[in-house]
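Protein chains in written order, with my numbering: chain H, 129 to 554; chain X, 45 to 372; chain F, 4 to 347. C-beta: ideal position from N, C-alpha, C; glycine also. Accompanying notes for the structure given below.
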Amino acid sequence: MTNPNAKTAALPYNRSRQAREAETMLDHITDDFDDNPPSMAYFYDLFRRAYCRGESIEREGVRVGTTCIHAPEELIYAFGATPVRLCNGSYHYDQIGADFMPAKSCSLVKATLGMLSSENAIPKTGKLDLIVNPTTCDQKKKASAMMAGMGHSVYELELPPAKESEQARVYWQRSVREFAVRLRQLTGKKLTRKNLMAAMAKTSRAQVAFRTLHNFRRKAPSLILGKDVFLVTNAYFFDDIDRWTDAVERLNAELAQREKDGFCAAQKKAPRILFTGSPPVFPNLKLPLVIEQSGGVVVADETCSANRMLYDMTSVDEWLLNNMVDSLADKYLKPCTCPIFPNNDDRIRRLLDLAKSFAVDGVVYQTFAGCQVYEMEQRSVAEALNKAGIVMLAVETDYSPDDLGQLTTRIEAFLESIKTRKRKAT
Amino acid sequence: MKRLKDAIDGVDLNRFRIWFQLAMFVLLVYGGYLAINLGNHLPMFACGFNQEGRGGICYLMPLQHQLARPWPQLFGMASLGVLTGFGIFWLWFIFLNKGWCGYVCPLGTIQDWITALRRRLGVRYARYTQDQFRHLSRVKYVLLALMILIPLGIGGGWFSRDMGTPFCLICPARMVLPLFTGDLSHLTVDFSSKTAVAMTVLGMLITGLFLTGAFVKKRFFCFFCPMSALHYLISRPALLKLRKDGDKCTRCGDCYRACDMEIKAIADDVKNADIMADDCILCLKCVAACPEPGALKATFATITIFESTEAGFIKRCQKGIGLDQPKR
Amino acid sequence: MNFDPIMGRMTHRFAPVLLLVSLASGPVTALEGGCVLWISDTSPMRAEGAPARRGGGMGGMPMGGGMHSGPPMKRLWLLSGTDPQKAAFARGDADASVETLLVTPSKPEGESVPPPGEGHRGLVFEMPAQGFYRVYVTTRTLQERMLNLNVAKAEVGNFGHDGDEEEHDRAMTAPRALENAAIEIVRERQPKEGPFSQVRSGTEQSFIVLRKGLPVPDARVRFVSHQGWSKEVTSDGQGRARFQVVRDYFPPWGEFQKRFKATYLVIAEFDATEAGNHKDQPYTSVRYQATLSGSYYPSPEDYRSYAWGLGVGLLAALLSGVATYLYRRRRLRPFQEVRLDEKA
Ligand code: SF4
Ligand code: SF4
Ligand code: SF4
Ligand code: SF4
Numbered sequence: 129m130t131n132p133n134a135k136t137a138a139l140p141y142n143r144s145r146q147a148r149e150a151e152t153m154l155d156h157i158t159d160d161f162d163d164n165p166p167s168m169a170y171f172y173d174l175f176r177r178a179y180c181r182g183e184s185i186e187r188e189g190v191r192v193g194t195t196c197i198h199a200p201e202e203l204i205y206a207f208g209a210t211p212v213r214l215c216n217g218s219y220h221y222d223q224i225g226a227d228f229m230p231a232k233s234c235s236l237v238k239a240t241l242g243m244l245s246s247e248n249a250i251p252k253t254g255k256l257d258l259i260v261n262p263t264t265c266d267q268k269k270k271a272s273a274m275m276a277g278m279g280h281s282v283y284e285l286e287l288p289p290a291k292e293s294e295q296a297r298v299y300w301q302r303s304v305r306e307f308a309v310r311l312r313q314l315t316g317k318k319l320t321r322k323n324l325m326a327a328m329a330k331t332s333r334a335q336v337a338f339r340t341l342h343n344f345r346r347k348a349p350s351l352i353l354g355k356d357v358f359l360v361t362n363a364y365f366f367d368d369i370d371r372w373t374d375a376v377e378r379l380n381a382e383l384a385q386r387e388k389d390g391f392c393a394a395q396k397k398a399p400r401i402l403f404t405g406s407p408p409v410f411p412n413l414k415l416p417l418v419i420e421q422s423g424g425v426v427v428a429d430e431t432c433s434a435n436r437m438l439y440d441m442t443s444v445d446e447w448l449l450n451n452m453v454d455s456l457a458d459k460y461l462k463p464c465t466c467p468i469f470p471n472n473d474d475r476i477r478r479l480l481d482l483a484k485s486f487a488v489d490g491v492v493y494q495t496f497a498g499c500q501v502y503e504m505e506q507r508s509v510a511e512a513l514n515k516a517g518i519v520m521l522a523v524e525t526d527y528s529p530d531d532l533g534q535l536t537t538r539i540e541a542f543l544e545s546i547k548t549r550k551r552k553a554t
Numbered sequence: 045m046k047r048l049k050d051a052i053d054g055v056d057l058n059r060f061r062i063w064f065q066l067a068m069f070v071l072l073v074y075g076g077y078l079a080i081n082l083g084n085h086l087p088m089f090a091c092g093f094n095q096e097g098r099g100g101i102c103y104l105m106p107l108q109h110q111l112a113r114p115w116p117q118l119f120g121m122a123s124l125g126v127l128t129g130f131g132i133f134w135l136w137f138i139f140l141n142k143g144w145c146g147y148v149c150p151l152g153t154i155q156d157w158i159t160a161l162r163r164r165l166g167v168r169y170a171r172y173t174q175d176q177f178r179h180l181s182r183v184k185y186v187l188l189a190l191m192i193l194i195p196l197g198i199g200g201g202w203f204s205r206d207m208g209t210p211f212c213l214i215c216p217a218r219m220v221l222p223l224f225t226g227d228l229s230h231l232t233v234d235f236s237s238k239t240a241v242a243m244t245v246l247g248m249l250i251t252g253l254f255l256t257g258a259f260v261k262k263r264f265f266c267f268f269c270p271m272s273a274l275h276y277l278i279s280r281p282a283l284l285k286l287r288k289d290g291d292k293c294t295r296c297g298d299c300y301r302a303c304d305m306e307i308k309a310i311a312d313d314v315k316n317a318d319i320m321a322d323d324c325i326l327c328l329k330c331v332a333a334c335p336e337p338g339a340l341k342a343t344f345a346t347i348t349i350f351e352s353t354e355a356g357f358i359k360r361c362q363k364g365i366g367l368d369q370p371k372r
Numbered sequence: 004m005n006f007d008p009i010m011g012r013m014t015h016r017f018a019p020v021l022l023l024v025s026l027a028s029g030p031v032t033a034l035e036g037g038c039v040l041w042i043s044d045t046s047p048m049r050a051e052g053a054p055a056r057r058g059g060g061m062g063g064m065p066m067g068g069g070m071h072s073g074p075p076m077k078r079l080w081l082l083s084g085t086d087p088q089k090a091a092f093a094r095g096d097a098d099a100s101v102e103t104l105l106v107t108p109s110k111p112e113g114e115s116v117p118p119p120g121e122g123h124r125g126l127v128f129e130m131p132a133q134g135f136y137r138v139y140v141t142t143r144t145l146q147e148r149m150l151n152l153n154v155a156k157a158e159v160g161n162f163g164h165d166g167d168e169e170e171h172d173r174a175m176t177a178p179r180a181l182e183n184a185a186i187e188i189v190r191e192r193q194p195k196e197g198p199f200s201q202v203r204s205g206t207e208q209s210f211i212v213l214r215k216g217l218p219v220p221d222a223r224v225r226f227v228s229h230q231g232w233s234k235e236v237t238s239d240g241q242g243r244a245r246f247q248v249v250r251d252y253f254p255p256w257g258e259f260q261k262r263f264k265a266t267y268l269v270i271a272e273f274d275a276t277e278a279g280n281h282k283d284q285p286y287t288s289v290r291y292q293a294t295l296s297g298s299y300y301p302s303p304e305d306y307r308s309y310a311w312g313l314g315v316g317l318l319a320a321l322l323s324g325v326a327t328y329l330y331r332r333r334r335l336r337p338f339q340e341v342r343l344d345e346k347a
């Protein structure tokens, strides 16, 4: 096993190649743009500490890693444990992970495996007591055994292969209940109405903050750039939830002020882009960054590292324990637009609705090389969007910085074509 | 205008419903003492057997009476009376559509009270599987057909008069509602003839089932209610409507979760704008539980009166996020 | 002063006028059978106990049920005899003088109608308005030196189910006795009685004997049930006599009809020493006799059982409750819902 870590082990972390990767990205995010909202400083700082300086942001108590948005975090919080989302965006870990997976695999899965295999995983959230791996795409499924091989204790949360049928729903509700039982064994604590309610309140407060932020992005001209919002939602992976919510609420207050002042975060005519497909995870914010560096603005997204993770909220009819857990299960299954499910009508409708309500000019569809499901849905999505008169650019990429030049050219051309169309239209 | 709309869309619907239903219950079950009489063509179970307190009468009773007239009479002069009766019923009905069920019907309200009791006791509710749902959902049409055919048969001389108002004989409202004015006389088995014994025993069996059923299953009886079937058949021109904008729906299922009648289509159907299903009681809980602005709405004569909004949803459905304290 | 529900006006209690009539408690105290005249709404030719056509007011129902055009007609029969089932048509007596008076809601003072005769055996009249109609047939016969004065009375309700409340109320408060009736019996209403109420067997029922609108104490009052069972009491100071409407209907279960219409007959009598002339013949005493008949129906208690009703209901609730509970217990075993069957 060739571990690049071994060579740089002698260097302090902040001078390692890994830290430089993060630092370069963060510098672009902060320095390439004027007028970053002052309240974004919290997030810039958080990432600098965690990713560039390798500072520990260790969490108290039982830590539960999750590899997907399908793991119900409210349950984890209710047992007094802390969820940490493990999906990783680092090219450095992508290379390490390449040892575990075939060459043509998804960067995200590889990077996650790479991170889990290393001793001092960045961000430093501390040793994981359990990894919850929902059985979503094949690559993640197969990663289970590998994680276990690395010495982690892994729990496979069984997700049904389809979501429409009532059978699938009941099956999933049962999976979630069993997950709660597993958490009870892990933590030795009891699940009660009261602590679940408190946990749900925590998450929904975060979701309300997110939705407010999301709604500010409807405004044209834009009040905030997409690269910042991706950073905010990425922070949700590992930051303390209450602190995160406070920071987002501050940001929202600032955006409200900006709105009042008639502030524009981007050019008035900047093409408004909807981002969909494989999830951008810091430091791999390459594509959104290129879009905004080239004069576009990402006004909305449909990815599992941002919108899909935080948007859909739970409704409970009767606040009794079983009902609350089933409600949670419903929220994690029914609205999900993940491409692993057989039908993608929900995803298409969601994209069309976002495109319409956010006055979007074009859609950028990112597919990680090796992610078959996103690749397979690309055609039907493009067709549906085109039918609605919205142009779409499909981009296949991975975590390596090699295609940056080529990406920039394509994106610039795409944005240019949008501008031309807009000019013609007026 | 906007402020008023926001206030309405943000209303705590469940609380509003509790009070509204209570007021309607008093009106229809005790209104008689205040000389209130809304006539005998009401489109829900304001049971006429609650002789003293009734503030109006359920249309099924006069309907069954009328249909049991001897045929020459029924198809002669009396047909006019039957038609006007139906017309008055229809006028009442189109006004609120199935909202009569979700907001006015005393038997529906009683079921909601029993549900509240179960919730207090911390007992979870039962659900049907999709298959059971599909089959059971037809029962109400069968009951409706029998409720019309048997009286016609009496009028034609095939059945005994002891079968008169056959549905009333097995309707749990006949036993339950008079209890509220202290009339216990319907909790009996009538031994005066074999038919009477059979029907009253059936009635009491159904009443027993009603109590358990309503305890474990939300709106247990409404699922089988022939009034609900009759409603659905004539609901097209109704003024109050439940509408859905499928484009805005994320199919999150929040509405389905809130629905007492387990109507899956409310979440899954994104094609039909007129979304009221035959089992729907137009309680509008789904609208209150929908987080997507404008995805679900109630309209009255095409004017939107209550619409799903994000702010309203958060206020209603997210307990304890600092806005108000969690409570049951 | 208090409101008199019978005369429908305010009266002084214990009106002293009563004593104008000196009451004789002569040797003949038992009621005599043969010549008792009374009005029935069931013809003796008709099968006994036929169920009333619909609901039915206290004093019988209008006939026809609105099938023919015009106001409903009512036909009554003057019978003689003390057994409701065996009484026959009263024969015309040449000596007797008969006056017939019909009191309608619009004519409270009454109008005369032709008495039944050989050609038409019934008393027939129209009931154009809603309310109670009363018929008085007063017969005077001389028996030696005693005048027999018989007032047979019937009370018939005419109400439509769609009639308005106000009309019902007016009918229920209208006066029920004649101020100039030589003697009459008024059935006292049950509490909460309405125009459609029926007398049920087993209930207590009281009757008041009046003479010219004033109560008659110490009159001999006899109640005869449908089966001919009778009981006699003496009216009290307010002219009131109470009876239990006995249950006398015990058919085999298969023939039981809950709408079985039975007829009771009440006869009140007293003698008075009054002198006068009847058809130029003098008399020295008068025997006052009043009759009133009505219908009663089996009481729901005769055929309804709470024990069974509650038993069945509770059983259903219990069984379904236990079944639900067990089902829920069983359901704890997961993945049991799919069953494979080799034969299917
Ligand atoms: S018994 Fe039922 S159907 Fe009959 S009047 Fe009462 S509520 Fe209506
Ligand atoms: S469906 Fe329910 S609420 Fe509606 S009339 Fe029937 S019992 Fe009442
Ligand atoms: S709650 Fe609203 S968004 Fe969710 S499924 Fe129902 S209608 Fe659609
Ligand atoms: S569909 Fe909506 S209005 Fe109809 S019963 Fe269900 S929750 Fe109530």
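According to DSSP, what are the bridge partners of residue i?
i: TRP232 (chain F); result: Answer by DSSP bridge pairing: none, since TRP232 (chain F) is not bridged.
i: PRO262 (chain H); result: H:LEU285
i: TYR267 (chain F); result: F:GLY297
i: ARG400 (chain H); result: H:VAL425
Any idea if residue i is buried or exposed, counting beta-carbon neighbours within 10 angstroms, 16 or more meaning buried?
i: LEU213 (chain X); result: buried
i: MET70 (chain F); result: For MET70 (chain F), the pLDDT reaches just 46, beneath the cut-off of 50, and the residue's location in the model is therefore unreliable, leaving the point undetermined.
i: ALA93 (chain F); result: buried
i: ILE347 (chain X); result: exposed
i: LYS330 (chain H); result: buried
i: GLY37 (chain F); result: Model confidence at GLY37 (chain F) stands at a pLDDT of 48, short of 50, so the residue's coordinates are unreliable and nothing is read from them.
i: ASN471 (chain H); result: exposed
i: TRP372 (chain H); result: buried
i: HIS275 (chain X); result: buried
i: LYS322 (chain H); result: exposed
i: MET243 (chain H); result: buried
Is residue i near ligand 1, with its Cβ less than 7 Å from a heavy atom?
i: CYS269 (chain X); result: no
In terms of residue numbering, what span does the beta strand (DSSP E) encompassing residue i cover?
i: LYS322 (chain H); result: Looking at the DSSP string, LYS322 (chain H) is not in any beta strand (DSSP E); the run it does join, the alpha helix (DSSP H), is 321-344.
i: PRO270 (chain X); result: No beta strand (DSSP E) contains PRO270 (chain X), which is instead part of the alpha helix (DSSP H) from 270-277.
Can you determine whether any heavy atom of ligand 3 sits closer than 7 Å to the C-beta of residue i, and answer yes or no?
i: GLY351 (chain X); result: It is worth fixing the name first, because residue 351 (chain X) is Glu in this sequence and not Gly. Answer for GLU351 (chain X): no, Cβ out of range of ligand 3.
What residue range is occupied by the uninterrupted alpha helix (DSSP H) comprising residue i?
i: GLY242 (chain F); result: Run containing GLY242 (chain F): none; DSSP gives neither H nor E here.
Taking 7 Å as the line, does the beta carbon of residue i fall inside it for any heavy atom of ligand 4?
i: LEU197 (chain X); result: In the sequence as displayed, the identity of residue 197 (chain X) is Gly instead of Leu. Answer for GLY197 (chain X): no, Cβ out of range of ligand 4.
i: ALA31 (chain X); result: In the structure as shown, chain X starts at 45 and stops at 372, and residue 31 (chain X) therefore has no counterpart that could be examined.
i: LEU286 (chain X); result: yes
i: CYS464 (chain H); result: no
Less than 7 Å separating the Cβ of residue i from some heavy atom of ligand 2?
i: LEU326 (chain X); result: no
i: CYS149 (chain X); result: yes
Environment of ligand 1 in chain order, Cβ to heavy atom below 5 Å: X:PHE89, X:CYS91, X:GLY92, X:CYS102, X:LEU104, X:MET105, X:CYS212, X:CYS215, X:ALA217 and X:ARG218
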